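Numbering (the working numbering), first residue to last: 12 to 397.
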């Protein structure tokens, strides 16, 4: 008998033009709103101005923390937290990609806390599915408005933060990190540059693939993951070619959301820890790219463990033949797909050397359910192409 749990508390509002509702939505939760984002550049300034106007029309007092950076470190989170406390904010609105949403998650969870002990947090809130330890204080409502299609953070219980003391990207988990609501408007994604579109889109594919081939399958995870992968395969190339393709942006936003929900319930596989360690190192590669450069080698080394599942994914790329033939073809299909969307598919292409990999290998001192630390080292080594 199949046994599983599925949890998704975030209320979703999805559709082109739905950002028009943001003022009314925020007003349901508070009157003093902390907006969390990266610094605003010219291409997106009109969208932010519109959001601020919609909030003001509802009588909402806005404080804008725009200090988020990629791979947000603990210092940035603490700075945003102090801004929120100093302005007595009672609701948090995250606008942006995963870095902004993850930063906002920890801010909303600690506004009412007396202090933020990072060592305690990293040691206590480190499991996505284990026993849940209570947070130290009442969480302030968080609403997420993603402007990329890939991180899925708007529908997960995870926040990835860089620990400056350990020089590592670490993931914090708690059910209360799920945003209360997510407003997903593909029109906000029309200005996303091609390379960022490609990297975040492949991140969405990775979430779906890893949950589909993980250790927590369910009808919900499997169905959402397969649909998410299909949407990315079918629409990411055309959106990379033409970012103003609103129909394609809608499909990628769906894929992002479905992939995030499947990840929140199915969990990540080895490529994500590999990517986080790569992203924490001196390479400092963007998250989606760290996945792209290890995925073909990972798939080539792992397909024999789950040939049926890998074959199902290969079929989405058009593979035919026996189960083994289809599963074995997946790595090459991924290389071709990554080339089509303009991303590198191995470490050598992004300047990572054998010496760099040797320095990273001590970090892989842990085993995952389907991949040992030694196997992850082999994936890194295989990702170096002469």
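In this text, a Cβ means the ideal position worked out from N, Cα and C, and glycines have one as well. These figures come from a predicted structure and were not determined experimentally.
- The region 202-222 and the region 288-305 touch, with no fewer than 3 CB-CB distances between them shorter than 8 Å.
- For residue 74, the pairing in a beta bridge is given by DSSP as 45.
- Between residue 137 and residue 41, the C-beta gap is not smaller than 8 Å, which leaves the two residues out of contact.
- Counting along the chain, the unbroken beta strand (DSSP E) around residue 107 starts and ends at 102-107.
- Remark: three or more beta-carbon pairs, one from each stretch, lie closer than 8 Å, so the region 29-43 and the region 194-207 are flagged as touching.
- Residue 144 counts as exposed, since fewer than 16 other beta carbons sit within 10 angstroms of its beta carbon.
- Note that the region 69-87 touches the region 43-58; at least 3 beta-carbon pairs, one per stretch, sit closer than 8 Å.
- A residue is called buried when at least 16 other Cβ atoms come within 10 angstroms of its Cβ; residue 396 does not meet this threshold and is exposed.
- Of all C-beta pairs linking the region 315-330 to the region 360-368, fewer than three are shorter than 8 Å, placing the two stretches out of contact.
- Distance between residue 334 and residue 323, taken at the CA atoms: about 8 Å.
- Counting C-beta atoms within 10 angstroms of its own C-beta, residue 13 has fewer than 16 neighbours from the protein chains shown and is therefore classed as exposed.
- The residue from 373, 114, 385 and 339 with its alpha-carbon nearest to that of residue 281 is 385.
- Within the DSSP secondary-structure output, residue 359 pairs in no beta bridge.
- Residue burial is scored here from C-beta neighbours: residue 119 has at least 16 other C-beta atoms within 10 angstroms and is therefore classed as buried.
- Contact check for residue 263 against residue 242 passes: the beta carbons are separated by less than 8 Å.
- Note on residue 349: 16 or more other CB atoms within 10 angstroms of its CB, so buried under the neighbour-count rule.
- Excluding its 5 nearest sequence neighbours in each direction, residue 308 has C-beta neighbours in its own chain below 6 Å: 390, 393 and 394, listed in chain order.
- Beta-bridge partners assigned by DSSP to residue 84: 173.
- Contact between the region 102-111 and the region 149-157 is present, with at least three C-beta pairs closer than 8 Å.
- The beta carbon of residue 288 sits closer than 7 Å to those of 371 and 374, all from its chain and outside the five residues before and after it, given in chain order.
- In this structure, residue 206 lies away from residue 329, with their beta-carbon atoms at least 8 Å apart.
- Counting along the chain, residue 201 sits inside no beta strand (DSSP E), nor does DSSP assign it H or E at all.
- Counting along the chain, the unbroken alpha helix (DSSP H) around residue 268 starts and ends at 257-277.
- Here residue 216 is buried. Its C-beta has 16 or more other C-beta atoms within 10 Å.
- When only Cα atoms are considered, residue 124 and residue 150 end up about 9 Å apart.
- With respect to the C-alpha of residue 172, the residue from 94, 160, 83 and 121 having the closest C-alpha is 83.
- With respect to the C-alpha of residue 272, the residue from 203, 161, 135 and 116 having the closest C-alpha is 161.
- Rounded to whole angstroms, the gap between the alpha carbons of residue 187 and residue 332 is 45 Å.
- With fewer than 16 other CB atoms across the displayed protein chains lying within 10 angstroms of its CB, residue 57 is exposed.
- For residue 164, same chain residues with a beta-carbon under 6 Å away, outside a window of 5 residues either side, are 109, 112 and 113 in chain order.
- Annotation for residue 168: 139, 184, 185, 186, 188, 189 and 275 place their beta carbon closer than 7 Å to its own, counting only its chain and skipping 5 residues before and after.
- Within its own chain, the residues whose Cβ lies closer than 6 Å to the Cβ of residue 232, once the five positions on either side in sequence are excluded, are 222, 273, 276 and 277, listed in chain order.
- Within the same chain, Cβ atoms closer than 6 Å to the Cβ of residue 15 are found at 229, the five residues on either side in sequence being excluded.
- Here the C-alpha atom of residue 55 lies approximately 7 Å from the C-alpha atom of residue 202.
- A residue is called buried once 16 or more other Cβ atoms fall within 10 Å of its Cβ, and residue 39, having fewer, is exposed.
- Under the DSSP definition of a beta bridge, residue 180 partners with 173.
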